[in-house]
Structure formats: structure tokens, C-alpha cells
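Residue 99 in the UniProt record's numbering sits at position 99 of the sequence shown; the count goes up by one each step and never skips. Glycine included, C-beta positions come from ideal geometry on N, C-alpha and C.
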Amino acid sequence: MASQAPNLECRMYEARYPEVDMAVMIQVKNIADMGAYVSLLEYNNIEGMILFSELSRRRIRSVSSLIKVGRIEPVMVLRVDKEKGYIDLSKRRVSEEDIQACEERYNKSKLVHSIMRHVGETLGIDLEDLYVNIGWPLYRKYGHAFEAFKIVVTDPDSVLSTLTREVKEVGPDGQEVTKVVPAVSEEIKESLVKNIRRRMTPQPLKIRADIEMKCFQFDGVLHIKDAMRKAEAVGNNDCPVKIKLVAPPLYVLTTQTLDKEQGISVLSNAIVACTQEIEHHKGKLTVKEAPRVVSERDDKLLAEHMSKLRQENEEVSGDEGSEEEEDTGMGEVNIDGGPAILD
């Protein structure tokens, strides 16, 4: 007989209802005659309502421009009737500061919730039991369970071994006694740590800058190679700098790092070093795109662009009959010492 599936529905916080004057994250479910019915995402989707009079401080000309079904956004709690389950909300009274704080809290809570839910689903444990024994005690101790999970990434025992729970047992004399036992079993600990590390271990950011570099002097290619070496020399173990040709005269500088500000600073310094070297030989460097974080999609688009250019170059290289070639000093450059292929 199959075991009963665990209940994976649970609010994110210990309190069943939000406090008045608190910003909460909602999703609009439907729009009625008086206002909009919404779900409070952090409180297991309990229902709340935003009256049309609480949508905007200005005169409402079009409700659809202010609120749409499916939209997720922060709103302010006006009233909570715990007996009847009524929650009145306001969109017009939430400030920019409230919105920012609510979004930051919700994003952290959503990640914690996702990890806890996956552990419950994997081990067949009710999600609320995990919150009672692990999640909510961590919220109380660390302000937010997300902060505790960050520590778990490198030192799980310092966080999880401190959690305990009370169990009632019947002693040898037939009397019921209360015992304090660890709240986290080895099985739960293993699954929890595995999921936290998978979801919260920092991933290196890729920083990229796009430049144009030209040198029309004699041995211009060699001068460009020297400038590229100067740029790469600025890198370090934490932020190694690489520079490669896209197509004459366009080059890209890249680095990978966990520290965004450090990565941008290192690439900026690399551009300065490269500029000084090429200008020393009467060349020119122009920054087309300043150092910034790029995504996998950006990398893919660059790779596709470079592949297309290589293909075009191969087709052009088959054309013969040019009586003279112009050395622009902007050809493909191999700074490791191999031959330079002029365009």
C-alpha cells in the first residue's frame, strides 16, 4: 500500500497572518466590482482584497492600467480580521522603501521555501513539520532563515546542531516525560545541506568589456600584442584577465570573479594599461562597451557572432587577385607567440 504523500503546503513565516502596516507580496487573482482579490504569497496564498479606492492616490481613469490579473507586487496591510479571515490591503499607501524591503525579503523567503519544500518532498515529510522544527526557529534566531542558510553552506553543524525539539515519552514508571532531542536527523541534515549548497553556493560572475584597438605603425601587430599582454598582466588569481579578438579592430576583455566590484575594477585597470601601451606606439584604443556583468546568453551571442565572422573570413580568404595587401596592424593576434594572421 502506497504511503500517504506529504503535505507540501505551508506559509513561509510562523505568524499565520501579517501585521498591520506591513508590506506583503501578493498576486492578483481576479477583479470584482469593488476591487481586486489577491493571494498573499508568503502566507500560503490566503485571500486578501484591495479596494479600488486603495489603488492610487490619483483619480483612477483605467483600473486595468493599475492592476492586472496575475501581477505580483508588494502592497500594504490595512486591516486583518483573524476571526473572519478578512485582510484589507492598499497599493497606494506602500512607499518605495517598503517596496524594496518587501521584494528583498520575499526573494530570500522564496528561496528558503523552495529548499525546504524540496527536502520535504524528497524525504516524504510534511513541510509544516520542517518549518516548526527547523525553518521558524532559524527565522527567530537569525532574523531570516536565509542568513542561517548562508552559514550552512560552509559550516552546517554550527547552525543545525543547535536546533532541538521536545518529545513526550512514557517512562518505566508509566509517567509521561518530556525529553529534548536534536531537531535535525542525519537524513534531514544531509538532504538540507545538499540542497542549500546547490542553490546558495555563490557562482562566479563573468565581467566583459568591448574595445576597439588600432595601430597603423610599422610592426603594428606586435604593438597590439604587447598591449594585450599589458592588459592580461593586470589580472590576478581571483580575477584573471583574458583578451581576445572578435574581428579587426574589435576585442573583448573578460574576467570571472565572485566580487562584481572587484571584477569591474580589474577590467577597468586592464583597459588603462592596454591604452597606455598602444598609445605609446601611436595607436588608438576606444572603449565600445564599459566593463559590465554579462549572462550566458550574452556569451552565446558573442560566440555565434565570432563564428559567423570566421566563416565570412574563410570565404573571403579564398578570393585571390589582390596585388597588394595593407598592413593595418589590426589582424588576428596570437599573444602567445604564434604567427599573426593579417586581415
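Non-local C-beta neighbours of R165 in its own chain, meaning closer than 7 angstroms and more than five positions away in sequence, comprise N133, V181, A183, ordered along the chain. V24 and S265 have their C-alpha atoms some 37 angstroms from each other. Using a Cβ-Cβ distance cut-off of 8 angstroms, the region 14-29 and the region 37-52 are in contact, since at least three pairs of beta carbons, one from each stretch, lie closer than that value. Pairing M213 with S268, the inter-Cα distance amounts to about 15 angstroms. Taking the Cα positions, E169 is about 28 angstroms away from T122. Counting along the chain, I99 sits inside the alpha helix (DSSP H) bounded by residues 96-123. Looking at the DSSP output, Y251 sits in a beta bridge with I211, L245. Bridge pairing for K179: V167 [DSSP]. Residue state for R140 is assigned as helix, using DSSP reduced to three classes.
Under the criterion of beta carbons closer than 8 angstroms, V234 and A270 qualify as touching, at roughly 4 angstroms.
When the Cα atoms are used, F149 and L163 turn out to be separated by approximately 13 angstroms. Cβ-Cβ distances below 7 angstroms link N195 to I115, H118, V119 in the same chain, with the five nearest sequence neighbours on each side left out; the list follows chain order. Using a 10 angstroms sphere on the CB of F218, the tally of other CB atoms stays under 16, which defines it as exposed. V153 places its beta carbon 8 angstroms or farther from that of L160. When G174, D33, P137 are compared, the shortest CA-CA separation from Y13 is found for P137. Restricting attention to Q256, D129, Q175, the CA atom closest to the CA of I207 is found in Q256. Taking C-beta separations shorter than 6 angstroms and ignoring five residues to either side along the sequence, the partners of V112 in its chain run A145, F146, following chain order. Secondary-structure assignment with DSSP links G48 through a beta bridge to V38.
Annotation: the continuous alpha helix (DSSP H) that includes L192 extends over 186-200. In the three-state reduction of the DSSP assignment, N269 falls in the helix class, which pools H, G and I. The beta-carbon separation of M22 and V77, rounded to 5 angstroms, stays under the 8 angstroms limit for a contact.
When the alpha-carbon of L8 is set against those of L130, G174, E232, the nearest one is in L130.
Within the same chain, Y13, E14, A145 come within 8 angstroms of Y139 by CB-CB distance, once the 5 residues on both sides are set aside. In this structure, the beta-carbon distance from L250 to I243 does not fall below 8 angstroms.
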